[in-house]
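Peer 1: Oh and the sequence shown: position 93 is 93 in the UniProt record's numbering, straight run, nothing missing.
Here it is: the structure, laid out below.
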Amino acid sequence: MATIKDVAKEANVSIATVSRVINKSPKASKASIESVTLAMAKLGYRPNAAARALVSQSTQTMGVLVGDVSDPFFGSMVKAIDTVASQQGKHLLIGNGYHSETKEREAIELLINHRCDALVIHSKSLSSQELIGFAEEIPGLVLINRFIPEIADRCIALDNHKGSYLATEYLIKHGHQHIGYICSNHDIEDTHQRKAGYLQALQDNGLSHSESYIEYGSPDEEGGEKAMTNLLAKGFPLTAIATYNDYMAAGTLSVLEENDIDTPKNMSIIGFDNGLIAKYLHPKLTTVRYPIQMMAEKAAILALKLANKEAAKAETNMFTPTLVRRLSVVKA
1 MATIKDVAKE ANVSIATVSR VINKSPKASK ASIESVTLAM AKLGYRPNAA
51 ARALVSQSTQ TMGVLVGDVS DPFFGSMVKA IDTVASQQGK HLLIGNGYHS
101 ETKEREAIEL LINHRCDALV IHSKSLSSQE LIGFAEEIPG LVLINRFIPE
151 IADRCIALDN HKGSYLATEY LIKHGHQHIG YICSNHDIED THQRKAGYLQ
201 ALQDNGLSHS ESYIEYGSPD EEGGEKAMTN LLAKGFPLTA IATYNDYMAA
251 GTLSVLEEND IDTPKNMSII GFDNGLIAKY LHPKLTTVRY PIQMMAEKAA
301 ILALKLANKE AAKAETNMFT PTLVRRLSVV KA
């Protein structure tokens with residue numbers, strides 16, 4: 001494998017000149033650039049990224065922590081961040097946290113050790129205090145889908161409570177009084193906020209709440225199937241179901257179809273997120289829009305500005321969810 005000394009010898013220049021060319025120093029002459037570039041191509045020399053980073057103080061990389069990159073939600077998030085990063089000549093390093101405190105910490109440490117210029121972090125398991133500590137250490141760190149008052153200007157979040165409130169209220173306005181809720185079993189703030197929004201909407205509209213009307217499962221199709229099966233087994237006079245997300249709604253629809261319960265004629269369903277799956281379900285799913293692409297773009301831009309020591313703050317810290325009306329909800 002060729003070394004920088006080999007390149008210097010081939011180009012008939014000093015090692016310092018090769019270093020200046022590699023690191024794009026303005027002191028490198030046009031002739032030096034040409035001779036060194038030709039020598040590197042001839043020898044197949046590839047500059048060491050870590051060494052270049054020490055000189056330039058930049059690795060041209062941006063770090064992203066997601067829950068699970070195989071989840072389409074996080075796929076949309078990563079794509080939006082990558083678009084912004086590419087426009088700035090940056091490449092992404094991606095870590096998976098899997099909603100585990102240990103894995104989230106390890107992934108963030110790894111991204112920091114790789115000297116990423118900016119970080120967009122989706123963390124649900126680490127404490128607020130630990131994330132504040134990371135933010136103090138890394139100027140270009142921005143949190144997404146998490147709001148911590150002490151570092152509010154570096155947080156991009158969604159009002160999950162309001163989204164679930166809107167969904168439940170929409171069912172109530174369609175005359176539904178017996179409304180079940182399919183809830184995630186993940187112990188994260190999104191779960192608690194969305195359940196609280198459902199309960200608040202019932203209370204504000206004078207409807208009684210029964211914990212028996214709530215079932216839990218993993219936040220995917222299988223979890224939705226399990227939760228809906230359990231609700232049906234209880235035999236309650238439900239006419240509508242609000243769900244934690246669109247994937248649980250998909251599982252719910254599957255169980256209703258298997259049991260010859262017509263949706264929406266005999267059971268209205270509303271989701272949350274407005275993921276790609278929502279408009280391809282049958283019936284097309286009424287849901288709550290989670291503007292993750294817009295939020296991810298804003299987070300990436302903010303992180304890069306902060307990393308460059310530019311005076312910047314989020315234009316919007318808390319995004320507002322909106323209803324997407326399709327075909328899965330009708331009047332009771």
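Even glycine gets a Cβ: it sits at the ideal position worked out from N, Cα and C.
Buried or exposed: which applies to N160, given that a residue is buried once 16 or more other Cβ atoms fall within 10 Å of its Cβ?
Peer 2: So N160 ends up on the buried side.
Peer 1: With DSSP run on the structure shown, which of helix, strand or coil describes K5?
Peer 2: Helix at K5.
Peer 1: Do G180 and Y213 have their C-beta atoms within less than 8 Å of each other?
Peer 2: Yes. Within cutoff.
Peer 1: Hey, could you find the ends of the alpha helix (DSSP H) A250 is sitting in?
Peer 2: First-last of the alpha helix (DSSP H) with A250: D246 to E258.
Peer 1: For L141, write down the residues that DSSP places opposite it in a beta bridge.
Peer 2: DSSP output for L141 lists L119 as bridge partner(s).
Peer 1: Which whole runs of the beta strand (DSSP E) in the segment 277-310 are 3 residues long or more, in chain order?
Peer 2: Fully enclosed beta strand (DSSP E) runs of 3 or longer: 287-289.
Peer 1: When the distance is taken between beta carbons, is N317 closer than 8 Å to F74?
Peer 2: Result no, Cβ atoms of F74 and N317 do not sit closer than 8 Å.
Peer 1: Could you check if T204 is buried or exposed, using at least 16 other CB atoms within 10 Å of its CB as the buried criterion?
Peer 2: According to the sequence shown, residue 204 is Asp rather than Thr. So D204 ends up on the exposed side.
Peer 1: In three-state terms, what does DSSP make of S268?
Peer 2: Looking at S268 - three-state DSSP - the assignment turns out to be strand.
Peer 1: Run the CB neighbour count on E169, radius 10 Å, all protein chains shown included, and call it buried at 16 or more, exposed below.
Peer 2: Buried, since its Cβ has 16 or more Cβ neighbours within 10 Å.
Peer 1: Would you report the Cα separation of F236 and N96, rounded to the nearest angstrom?
Peer 2: Going by the C-alpha atoms only, they are around 40 Å apart.
Peer 1: Hey, how far is the Cα of residue 338 from the Cα of K124?
Peer 2: No answer is possible for residue 338: it lies beyond the span of the chain, which begins at 1 and ends at 332.
Peer 1: Taking V64 and V120 to be in contact with their CB atoms under 8 Å, please state how far apart those CB atoms are, rounded to whole angstroms.
Peer 2: Indeed they touch by this definition, with Cβ atoms about 5 Å apart.
Peer 1: For I182, name the three-state secondary structure that DSSP assigns.
Peer 2: Three-state result, I182: strand.
Peer 1: Among the candidates C116, T37, D187 and E257, whose CA atom is the shortest distance from the CA of E101?
Peer 2: Selected option, being the one with the closest Cα: D187.
Peer 1: Give the range of the beta strand (DSSP E) segment to which V64 is assigned.
Peer 2: Counting along the chain, the beta strand (DSSP E) containing V64 begins and ends at T61 to V66.
Peer 1: With H91 as the anchor, note down where its beta strand (DSSP E) starts and where it stops.
Peer 2: Run containing H91: H91 to N96, per the beta strand (DSSP E) assignment.
Peer 1: The alpha helix (DSSP H) with I108 in it runs from where to where?
Peer 2: Here the alpha helix (DSSP H) through I108 covers E101 to N113.
Peer 1: Please classify K234 as buried or exposed, where buried requires at least 16 neighbouring CB atoms within 10 angstroms.
Peer 2: By the 10 Å Cβ count, K234 comes out exposed.
Peer 1: Going by C-alpha to C-alpha distance, which of L202, L253 and G163 sits closest to T191?
Peer 2: Of L202, L253 and G163, the residue nearest in Cα terms is G163.
Peer 1: So, is R46 buried or exposed, given that buried needs 16 or more other C-beta atoms within 10 angstroms?
Peer 2: By the neighbour-count rule (16 or more Cβ atoms within 10 Å), R46 is not buried but exposed.
Peer 1: Answer with buried or exposed for A250, where buried requires no fewer than 16 other C-beta atoms within 10 angstroms of its C-beta.
Peer 2: Flag for A250 reads buried.
Peer 1: For the alpha helix (DSSP H) containing residue 333, list its first residue and its last residue.
Peer 2: In the structure displayed, the chain extends from 1 to 332; residue 333 sits before or after that span and is not available.
Peer 1: For E221, does the three-state DSSP call read helix, strand or coil?
Peer 2: In the structure shown, E221 sits in a helix (DSSP, three-state: H, G or I).
Peer 1: Can you tell me where the beta strand (DSSP E) holding I172 begins and where it ends?
Peer 2: Unbroken run through I172 is the alpha helix (DSSP H), N160 to K173; no beta strand (DSSP E).
Peer 1: What distance in whole Å lies between the Cβ atoms of T252 and I270, which are believed to be in contact at a cut-off of 8 Å?
Peer 2: In fact, because the Cβ distance is near 10 Å, the residues do not count as touching under 8 Å.
Peer 1: Using C-beta distances below 6 Å, list every residue in its chain close to G197, excluding the 5 sequence neighbours before and after it, in chain order.
Peer 2: Excluding positions up to five away in sequence, the list reads H161, S164 and Y165.
Peer 1: Going by other Cβ atoms of all chains shown within 10 Å of its Cβ, with 16 needed for buried, is M1 buried or exposed?
Peer 2: Exposed.
Peer 1: In this structure, how does DSSP classify Y198 when only helix, strand and coil are distinguished?
Peer 2: Looking at Y198 - three-state DSSP - the assignment turns out to be helix.
Peer 1: Is the separation between the beta-carbon of N259 and that of P219 shorter than 8 Å?
Peer 2: Not a contact, by the Cβ cut-off of 8 Å.
Peer 1: By Cβ distance, which residues of its chain are closer than 8 Å to A107, with the 5 residues on each side in sequence left out?
Peer 2: Excluding sequence neighbours, A107 sits near L65, G95, N96 and G97.
Peer 1: Give every residue of the same chain whose Cβ lies closer than 7 Å to the Cβ of E10, excluding the five residues on either side of it in the sequence, and list them in chain order.
Peer 2: Only A39, K42 and L43 meet the Cβ criterion.
Peer 1: Using three-state DSSP, classify A332 as helix, strand or coil.
Peer 2: Of the three classes helix, strand and coil, the one that applies to A332 here is coil, per DSSP.
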